[in-house]
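One structure is given below, encoded as structure tokens.
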Amino acid sequence: MHSAPCATPLQGKTAVVTGGSGGIGAAVVQLLAAEGARVIIGFNQGAERAESLRATLPGQGHLAVHLPLGDPALHTALASQLASLVGTVDILVNSAGYTTRIPHTDLTTLDSALFNEILLTNAGGTFSITRAMLPLLQKSGDATVISVSSISAFTGSGSNMAYCAAKAALDTMTMSMGRAFGPSVRFLCVSPASVDTGFVPGRSREDIHKKGAATPIGRAVTPEDVARAVLACVTHLRTATGTRIIIDGGYQL
Ligand SMILES: NC(=O)c1ccc[n+]([C@@H]2O[C@H](COP(=O)([O-])OP(=O)(O)OC[C@H]3O[C@@H](n4cnc5c(N)ncnc54)[C@H](OP(=O)(O)O)[C@@H]3O)[C@@H](O)[C@H]2O)c1
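One rule links them: number in our numbering = place in the sequence shown (from 1) + 123.
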């Protein structure tokens, strides 16, 4: 006999969501809180958005924290704060990221300085946050780190070449970390195709939906689809680590 599934399977768990003020991150925050987790919402410039989101969440103990990718001192400061406040972190969702649209043929605009900035902020910043949280994740004994990557990591197409490289770096780090830090911490990437958010400045919603409609699934991926995939990584994909979960509606087929 199977027992009835728990209505709040994440009760008692603490989750940190970077980029929790953004489209995908906010959907993840809402779902994890609905499932019972206490959520730490990382934001960059969206303090007000993060605070309004926090105020609507069910449950208690949620926090909104300034967590810019490029400031390692703030990453370790958050880890110290959480060490005394809650002691462990059970879920880390790396959703923070940024990009800009540069045709892949335009290596004048994408000079080395800009390439390094995009790569280091997106991949290096995510590494720094994960590194800072690791002792707290290890203390949980059953933790999951999910990085919101992209099909750009392995298709080489996307808003610009450095962004593709940054997502490929996340995928590879996920493999290395999965190997290094199991069994207490599992590492996964969730890799969507275009999602209907304001992520790429200048990209039209019409384009996103047109691309989505042409896939076998027949629609674009939504922030809520990504959030459900993240949740599945925690609750259901219990033997998956060091790999990516592709949620692109069959875009590549
Ligand atoms: N939308 C897509 O088509 C798509 C497809 C594949 C993968 N992704 C990935 O999904 C993730 C979330 O994107 P989204 O679609 O939710 O876009 P979004 O709505 O623009 O959200 C981006 C989030 O990242 C945060 N952020 C940006 N720059 C940051 C920095 N320097 N330091 C810390 N946080 C920073 C933003 O914080 P503030 O708003 O507080 O400044 C915001 O919370 C990204 O990693 C992106 O690469 C998106």
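Ideal placement from N, C-alpha and C gives every residue a C-beta, glycine not left out.
- Annotation: the continuous beta strand (DSSP E) that includes T141 extends over 137-141.
- If the five residues before and after R309 are omitted, its C-beta is found closer than 6 Å to the C-beta atoms of T267, T364, all from its own chain and listed in chain order.
- A Cβ-Cβ distance of about 14 Å is found for the pair T338 and D319, leaving them out of contact under the 8 Å criterion.
- In this structure, the beta-carbon distance from S280 to S314 does not fall below 7 Å.
- Take I340, set aside five residues on each side of it, and the residues of its chain with a beta-carbon closer than 8 Å to its own are G372, G373, in chain order.
- When the alpha-carbon of T278 is set against those of M296, A303, S317, K262, the nearest one is in S317.
- If you keep only unbroken beta strand (DSSP E) runs of at least 3 residues inside the segment 286-311, you get nothing at all.
- With a cutoff of 6 Å, N239 does not count as near ligand 1, since its C-beta is closer than that to no heavy atom of the ligand.
- Separation of the CB atoms of A160 and T137 is rounded to 7 Å, and the pair is thereby assigned contact status at 8 Å.
- Bounds of the beta strand (DSSP E) holding I269 are 266-271.
- The residues P195, H198, in chain order, have a CB closer than 6 Å to that of S251 in the same chain once the five nearest residues on each side in sequence are set aside.
- In the structure shown, the three-state DSSP call for F277 is helix.
- Excluding residues up to 5 positions away in sequence, G365 lie with their Cβ nearer than 7 Å to the Cβ of M298 in the same chain.
- From the listed residues A292, A149, V162, G143, the smallest Cα separation to L133 is found for V162.
- In the three-state reduction of the DSSP assignment, R367 falls in the strand class, which pools E and B.
- Contact between the segment 169-185 and the segment 248-265 is absent: fewer than three C-beta pairs spanning the two stretches fall below 8 Å.
- The beta-carbon distance between L233 and N283, rounded to whole angstroms, is 6 Å. This is short enough to meet the 8 Å contact definition.
- Per DSSP, G145 lies in no beta strand (DSSP E) segment and is marked neither H nor E.
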